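Novice:
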Amino acid sequence: AQRVTQPEKLLSVFKGAPVELKCNYSYSGSPELFWYVQYSRQRLQLLLRHISRESIKGFTADLNKGETSFHLKKPFAQEEDSAMYYCALKGAAGNKLTFGGGTRVLVKP
Amino acid sequence: GAVVSQHPSWVICKSGTSVKIECRSLDFQATTMFWYRQFPKQSLMLMATSNEGSKATYEQGVEKDKFLINHASLTLSTLTVTSAHPEDSSFYICSAREGRGPGNTIYFGEGSWLTVV
Chain A
488 AQRVTQPEKL LSVFKGAPVE LKCNYSYSGS PELFWYVQYS RQRLQLLLRH ISRESIKGFT
548 ADLNKGETSF HLKKPFAQEE DSAMYYCALK GAAGNKLTFG GGTRVLVKP
Chain B
63 GAVVSQHPSW VICKSGTSVK IECRSLDFQA TTMFWYRQFP KQSLMLMATS NEGSKATYEQ
123 GVEKDKFLIN HASLTLSTLT VTSAHPEDSS FYICSAREGR GPGNTIYFGE GSWLTVV
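Going down the list, the protein sequences come from chains A and B. Each residue of the first sequence is one higher than the last, beginning at 488 in my numbering. Each residue of the second sequence is one higher than the last, beginning at 63 in my numbering.
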């Protein structure tokens, strides 16, 4: 079975401060990990995926297979980063996404 | 970019009636569509995976006779909540995968609020 855990429901940081959203997963094979973001009153959209190894809007995430983690980081948070963030896993079968519980990020001025 | 559209965005129905939600891929062909349910302040829970031209695959605990899914074309999937009850009130989200490859991007619809009174 595949499972994704986001231990923090809410992260509140000041503008310019670093922010790290934790994500741990459980999967027996080689997963593909994603971060999705949902801004207020908007649809869910892909932020980044681990296979791309890219930085989007200043966010990065590294897959750590030893710790089964895929934490999302940004060194300097901006107010426009305030949103709901979901970590998601897709198994080797490549079909369905399993989402974590989500973390709400609030960036204060 | 690719867009997935859901209709209606919100609907109120009476208990015991059925309601249909549509999910369309507007500018791409989606051989696979997914239906999720999201309760307030909770995560998305996958209900079923829908492949064009075949029966949907339901997740454990999801009643297939209550949540009827039809994926008759490469751009349209529908979710029908039959004999709706207040506990079916929720936010329903669909997503669609572009093309056939499992590595292809998945796009999400804007969601549909269902309130059963």
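For each residue, glycine too, the CB sits at the ideal point set by N, CA and C. All figures in this text were calculated on a predicted structure; none of them were measured in a lab.
(1) Kindly indicate if chain A contains any beta-carbon less than 8 Å away from that of LEU130 of chain B.
(2) For TYR514 of chain A, tell me which candidate among A:GLU566, A:TYR573, A:GLY578, A:TYR526 has the shortest Cα-Cα distance.
(3) What is the DSSP secondary structure of GLU507 of chain A, reduced to helix, strand or coil?
(4) Going by the DSSP bridge assignment, what does ILE131 of chain B pair with across the sheet?
(5) Who are the near neighbours of LYS583 of chain A in its chain, counting only those whose CB is closer than 8 Å to its CB and skipping five residues on each side?
(6) Return the bridge partner residues of GLU519 of chain A from the DSSP annotation.
(7) With DSSP collapsed to three states, give me the class of HIS84 of chain B.
(8) Can the beta-carbon of GLU114 of chain B be found closer than 8 Å to that of THR93 of chain B?
(9) So, is THR79 of chain B buried or exposed, given that buried needs 16 or more other C-beta atoms within 10 angstroms?
(10) Starting from TYR514 of chain A, follow the beta strand (DSSP E) in both directions and report where the run begins and ends.
(11) Cutting at 7 Å between CB atoms, please list the residues of its own chain near VAL491 of chain A, excluding the five before and the five after it.
(12) Does ILE168 of chain B have its Cβ less than 8 Å from a Cβ in chain A?
(13) For PRO518 of chain A, which of A:ALA488, A:LEU498, A:PRO494 has the nearest alpha-carbon?
(14) Starting from the beta carbon of GLU172 of chain B, find every residue of chain A whose beta carbon is closer than 7 Å, and list them in chain order.
(15) Taking Cβ to Cβ, would you say ARG86 of chain B is nearer than 8 Å to THR142 of chain B?
(16) Which residue wins for smallest C-alpha separation from GLY516 of chain A, given the options A:THR555, A:MET571, A:LEU593, A:VAL500?
(17) Please classify TYR526 of chain A as buried or exposed, where buried requires at least 16 neighbouring CB atoms within 10 angstroms.
(18) Would you report the Cα separation of LEU531 of chain A and GLU567 of chain A, rounded to the nearest angstrom?
(19) SER105 of chain B touches chain A at which residues, Cβ-Cβ below 9 Å?
(20) Identify the residues that DSSP records as bridge partners of TYR526 of chain A: which are they?
(21) Listed from N- to C-terminal order along the chain, which residues in the region 132-145 of chain B have their beta-carbon within a distance smaller than 7 Å of any beta-carbon of chain A?
Specialist: With the given structure in hand:
(1) Judged by the 8 Å Cβ criterion, LEU130 of chain B is not in contact with chain A.
(2) Comparing alpha-carbon positions, the option among A:GLU566, A:TYR573, A:GLY578, A:TYR526 lying closest to TYR514 of chain A turns out to be A:GLY578.
(3) DSSP places GLU507 of chain A in strand when its eight states are reduced to three.
(4) Looking at the DSSP output, ILE131 of chain B sits in a beta bridge with B:LEU141.
(5) Cβ neighbours of LYS583 of chain A beyond the five flanking positions: LYS577.
(6) According to the DSSP secondary-structure assignment, GLU519 of chain A is paired through a beta bridge with A:LYS577.
(7) In the sequence as presented, His is not what sits at residue 84 of chain B; that position holds Glu. Residue state, collapsed to three classes: strand.
(8) The answer is yes: Cβ separation under 8 Å.
(9) Counting every other CB atom within 10 Å of its CB across the protein chains shown gives THR79 of chain B a total below 16, marking it as exposed.
(10) Element bounds for TYR514 of chain A: n/a, residue is neither H nor E.
(11) Same-chain partners within the cutoff: CYS510, TYR512, CYS574, ALA575, LEU576, THR585, PHE586, GLY587.
(12) Yes, ILE168 of chain B counts as interfacial toward chain A.
(13) Per the C-alpha coordinates, the member of A:ALA488, A:LEU498, A:PRO494 positioned closest to PRO518 of chain A is A:ALA488.
(14) Under the 7 Å cutoff, chain A gives ARG530.
(15) Contact flag unset, no.
(16) Looking at A:THR555, A:MET571, A:LEU593, A:VAL500, the one whose alpha-carbon comes closest to that of GLY516 of chain A is A:THR555.
(17) TYR526 of chain A should be labelled exposed.
(18) Distance between LEU531 of chain A and GLU567 of chain A, taken at the CA atoms: about 15 Å.
(19) What SER105 of chain B touches in chain A: VAL491, GLN493, TYR573, PHE586, GLY587, GLY588, GLY589.
(20) Bridge partners of TYR526 of chain A: none, in fact.
(21) For the region 132-145 of chain B, the beta-carbon criterion of a distance under 7 Å to any beta-carbon of chain A is satisfied by none of its residues.
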